[in-house]
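Working notes, structure below.
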Amino acid sequence: MGWTVCFGPLVSKLAKQLLEDDKQYIDDEVLGKIVLELVNTGQCAASSSTSRLSEELIPVLSILRNCISAVTASHRMDQLAEHPLKVLIRLVSIKMIALKSRPVSDLLVSRTDFCPLPMTDFNGREFVRISYLGPFFCLGVAANDDDNFCYEGSERFLEDLDLLKEEQKGGYYGGIQSKLGGHRNLLHKVVHTLLANSNSREKTLDFLSQMLKSNRKRTQIQADRSRLASNGVMMNFLSVMLDLSEKIQLEKVQNEYIFYPNCRVDLEDETRLAMSSDQVAEFVQTLDLSNCKPTFNTECFYMTCHALAVGFSSTVDHLKNSKRTLDDIQRQLKDAQEKISKRGPGYANHPNVIHHMRTLKNYQENFAKAVIRDECLLFDEFLLVRTVKFASKQLALVLRPIATDYLNVTLPLELPKTFGATPELYVESVIDFLTFLIKKELNIFLQNSADFAQQLLIMICSTHLIKNPFLSSKVVTVIFLLCPLYNPQARHFFSQILNHPISEENLFPSLTKFYADVESTGAHTEFYDKFNIRRSIQVIFKEMWQHGAHRNRLMQMARDCTQDFFRFTNMIINDMTFLLDESMTNLKTIHDIEWVEMNDTAAWAALSQETRQQKLDALSQAKSSVKTWLVLCNDTMELFISLTTDNPQYDFLSTSSGERVAAMLNHNIIQLCGPKCSVLKLRDAERRFGWNPKLLLGQVVDVYLNLSSEQFAENIAQDERSYNPDVFKSIVEKILGVGSASGRPILGMGQSERFKNLMEMAERHYNEKMQSEMDWGEDYPDEFKDALCYTMMAEPTRLPSGHVLDRKNILRHLLSDQTNPFTRQPLTVEELVPDLELKERIQQWIKESTAAREQNK
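Residue numbers (full-length UniProt numbering): 1 to 857.
Here it is as structure tokens:
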């Protein structure tokens with residue numbers, strides 16, 4: 001008797017039950033037994049058995065797919081959500097005894113909709129919509145969680161709830177996450193079963209690959225999410241991939257897989273760690289890939305790497321944007337409400353105002369729900385623990401060309417090509433995940449930190465192997481977040497970084513080099529980015545400074561005065577100059593508008609509305625900026641003090657650096673204590689802005705005293721822009737408290753007296769300098785003059801172009817511009833040649849001229 005006669009009605013009846021109400025769920029075990037009997041009976045049937053099996057089961061598979069569509073994780077839908085999946089698991093798990101295959105698995109992957117190619121520009125969303133398994137990945141906290149701000153179905157998720165308060169979120173999220181966890185576990189069983197069956201494995205891998213390829217644009221900054229799969233879909237997908245990769249041993253993953261011709265992950269246009277696309281292509285040509293066959297473990301692992309970026313990292317970015325937009329909407333709503341309260345009920349009842357308020361409130365509600373939905377997806381402890389464990393393995397895979405034994409590491413000086421050709425994506429997705437995890441769930445990180453201390457240390461000591469400074473800065477940020485000064489709970493973890501064998505020798509040199517390198521990140525905001533990055537390094541330095549071995553290493557670097565250390569110290573000087581200037585400028589702006597102009601009520605009222613608004617805008621901008629600049633200024637000044645403490649014989653006392661430091665200090669101490677220092681006086685300045693002029697004055701004086709020497713006193717006197725003996729005498733008197741009501745010094749007596757002695761040395765050098773200028777004037781040979789500054793050279797240095805400059809001047813130029821100032825050709829310090837013969841002639845001329853002057857007296 002044919003199958004259709006014997007089993008067709010039974011299967012049809014069971015399939016029909018899937019569409020009936022929730023009190024008559026089909027028993028998946030019963031269905032499994034029936035289909036198993038159907039399959040095993042069909043083994044002895046005619047060759048048409050496969051087509052008959054298809055006729056029986058294709059409709060059942062379609063019904064299961066339809067049942068799962070549009071189901072949410074709300075409590076009333078639990079059974080309906082999980083039941084089609086359980087039935088599908090039962091079906092695809094059935095084995096054919098004789099052939100040792102899974103016929104329903106084979107049948108499922110043979111469907112034309114199992115892995116269809118998208119036909120429109122809505123690649124990601126279309127693939128989820130039309131592929132067979134797509135709807136099974138859609139179960140989330142909303143039926144339609146796209147970005148059109150119309151979260152259809154989300155009212156069921158947030159039913160009877162106002163905007164959740166922070167303290168309510170954890171408990172509420174837990175229930176939803178538990179439901180999602182159960183669903184994801186069933187999803188994993190389906191995919192794992194399809195992969196375990198040899199006949200369906202390749203097409204299932206194709207499906208996983210296509211899901212990633214069609215959604216790769218989710219990682220873009222300005223991604224059009226209406227064309228891509230939702231956050232819920234991709235987080236479900238990530239969970240499945242994490243489960244598939246959980247037991248994979250790293251030794252079984254092939255590093256060269258990303259270069260294979262049949263590689264399933266899409267790396268087109270992906271930026272590499274240190275190679276251009278042409279260099280990567282050239283490198284691949286050197287590899288023998290003729291007999292390379294990727295293993296299942298390798299393909300699965302690499303696809304999970306991509307799922308981390310496309311799923312987790314992209315969802316975090318979406319959450320940040322939603323929060324930023326929500327904050328902006330709430331500010332607009334607050335401003336609108338204040339405007340209504342000022343103008344009265346007549347204004348409030350105007351149709352346009354009513355419409356505007358309704359629109360803002362709708363947006364507020366929608367974005368609040370978007371935030372809640374993303375937080376529910378991301379703050380899932382079970383998912384985070386699995387992700388952090390995989391992230392450690394992913395970073396280990398990336399670092400394998402550099403280091404496999406973390407205890408006995410020899411960092412390469414030259415770039416390992418496999419490492420250089422690795423996509424940035426594989427590092428960035430892990431670092432972004434760690435940044436999120438440390439900020440939000442530090443305990444989960446610390447309890448699962450694995451090899452992260454060694455891995456982060458190797459990364460930060462290998463920034464010379466990474467082309468993108470912005471990527472390296474993200475590694476710095478992670479280490480900063482784990483610094484005990486920022487996160488006391490992470491003290492033990494941070495000690496692992498500091499006590500590692502390679503740390504003492506490499507950490508300070510690497511950080512000082514990167515401190516200078518980050519002057520340019522390639523981003524359009526690089527000028528301001530560098531201050532935040534450098535502040536993170538400053539905090540790390542402050543912690544390292546407490547460890548004797550690291551402190552001694554920095555002192556050794558200072559004594560050696562390498563080119564990297566010279567650049568580092570000069571960048572600090574540049575930053576201090578800028579930050580102090582910006583702080584003072586903004587403080588003066590606040591004083592002028594708030595203290596002077598607005599206090600004169602009559603004059604203020606006489607200004608036009610437009611002028612007043614312009615001044616208020618300038619005041620608001622100055623108030624906002626000065627807080628940031630003062631924080632950065634204080635931290636940079638503390639670093640400056642640390643570097644000049646204990647060992648003042650730094651590069652700071654070289655002619656070029658010493659003069660720049662002296663000029664910066666002179667200019668700012670005049671601002672703080674000079675004739676016009678009253679313009680920095682503000683109401684309640686420390687509470688409002690963190691402005692403590694006495695503290696800053698003490699810091700400036702500390703640097704003066706740390707560098708106190710005859711050489712530095714001469715540097716002070718050489719500053720023609722700011723130094724004047726009379727002005728500095730009045731500053732010394734003010735610091736000593738001369739003429740003040742209390743008669744007490746502003747700073748400690750010992751500090752004040754030492755500063756007075758240094759200024760007396762500076763005045764003596766100033767008088768000697770003035771006497772020399774009177775004696776010499778401009779009467780010295782032109783060949784002794786610097787070609788740029790037209791001053792007498794102390795260290796004449798010849799450039800490849802033949803021009804001769806004083807060494808301090810060309811070094812200062814090269815700090816910000818590595819080109820020949822005359823030809824604009826690239827120029828390095830190594831190409832500078834001291835002109836010893838000219839130097840000797842200059843010194844001889846000075847000696848003879850001095851002797852002649854003495855004779856004429």
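Note that beta-carbon positions come from the ideal geometry of N, C-alpha and C, so glycine has one too.
- If the five residues before and after residue 191 are omitted, its C-beta is found closer than 6 angstroms to the C-beta atoms of 240, all from its own chain and listed in chain order.
- In this chain, residue 805 is not harboured by any alpha helix (DSSP H); it is covered by the beta strand (DSSP E) spanning 804-806.
- In this chain, the beta strand (DSSP E) harbouring residue 798 covers 796-798.
- Going by DSSP, residue 140 is part of no alpha helix (DSSP H) at all; its letter is neither H nor E.
- In the displayed model, residue 534 falls within a helix according to three-state DSSP.
- For residue 604, the enclosing alpha helix (DSSP H) has its first and last residue at 601-606.
- Assignment of residue 253 by DSSP, reduced to helix, strand and coil, places it in the coil class.
- With a contact defined as Cβ atoms closer than 8 angstroms, residue 747 and residue 700 miss out at about 10 angstroms.
- When the alpha-carbon of residue 133 is set against those of 62, 745 and 347, the nearest one is in 62.
- Looking from the CA of residue 702, the closest CA among 95, 752 and 676 belongs to 752.
- With fewer than 16 neighbouring CB atoms inside 10 Å of its own CB, residue 408 falls in the exposed class.
- Separation of the CB atoms of residue 381 and residue 444 is rounded to 7 angstroms, and the pair is thereby assigned contact status at 8 angstroms.
- Using a C-beta cut-off of 8 angstroms, the segment 577-587 makes contact with the segment 628-636, since at least three inter-stretch Cβ pairs fall below that distance.
- Taking each of 400, 642 and 436 in turn and checking the Cα distance to residue 451, the smallest one comes out for 400.
- The residues 582 and 586, in chain order, have a CB closer than 8 angstroms to that of residue 625 in the same chain once the five nearest residues on each side in sequence are set aside.
- Here DSSP, grouped into helix, strand and coil, assigns residue 576 to helix.
- According to the DSSP assignment, residue 708 belongs to no alpha helix (DSSP H), since it is labelled neither H nor E.
- For residue 215, the number of other beta carbons within 10 angstroms of its own is at least 16, and it is reported as buried.
- If you draw a straight line from the Cα of residue 727 to the Cα of residue 333, it comes to about 53 angstroms.
- Bounds of the alpha helix (DSSP H) holding residue 611 are 609-644.
- Here residue 792 is near residue 780, since their CB atoms are less than 7 angstroms apart.
- In the three-state scheme derived from DSSP, where H, G and I count as helix and E and B as strand, residue 833 is classed as strand.
- Nearest Cα to residue 199 within the set 188, 750 and 92: 92.
- Using a Cβ-Cβ distance cut-off of 8 angstroms, the segment 306-319 and the segment 277-295 are not in contact, since fewer than three pairs of beta carbons, one from each stretch, lie closer than that value.
- Here residue 429 really is in contact with residue 308; their C-beta atoms are around 5 angstroms apart, less than 8 angstroms.
- Given a length threshold of 4 residues, each whole run of the alpha helix (DSSP H) inside the segment 471-508 is given here in chain order: 491-498.
- For residue 236, the enclosing alpha helix (DSSP H) has its first and last residue at 231-245.
- The Cβ atoms of residue 820 and residue 811 lie no closer than 7 angstroms to each other.
- Each of 464, 597, 592 and 838 was checked against the Cα of residue 273, and the nearest Cα belongs to 464.
- With contacts defined as CB atoms closer than 7 angstroms, residue 237 and residue 137 qualify as a contacting pair.
- Close CB contacts of residue 329 within its chain, under the 7 angstroms cut and outside five residues either way in sequence, are with 360, 363, 364 and 367 (chain order).
- One alpha carbon belongs to residue 204, the other to residue 135, and they sit about 16 angstroms apart.
- Beta-carbon to beta-carbon, residue 94 and residue 103 are separated by about 7 angstroms, close enough to satisfy the 8 angstroms threshold.
- Partner residues in the beta bridge of residue 101, as assigned by DSSP, are 96.
- One thing to note: residue 461 has its Cβ no nearer than 7 angstroms to the Cβ of residue 540.
- One alpha carbon belongs to residue 128, the other to residue 279, and they sit about 36 angstroms apart.
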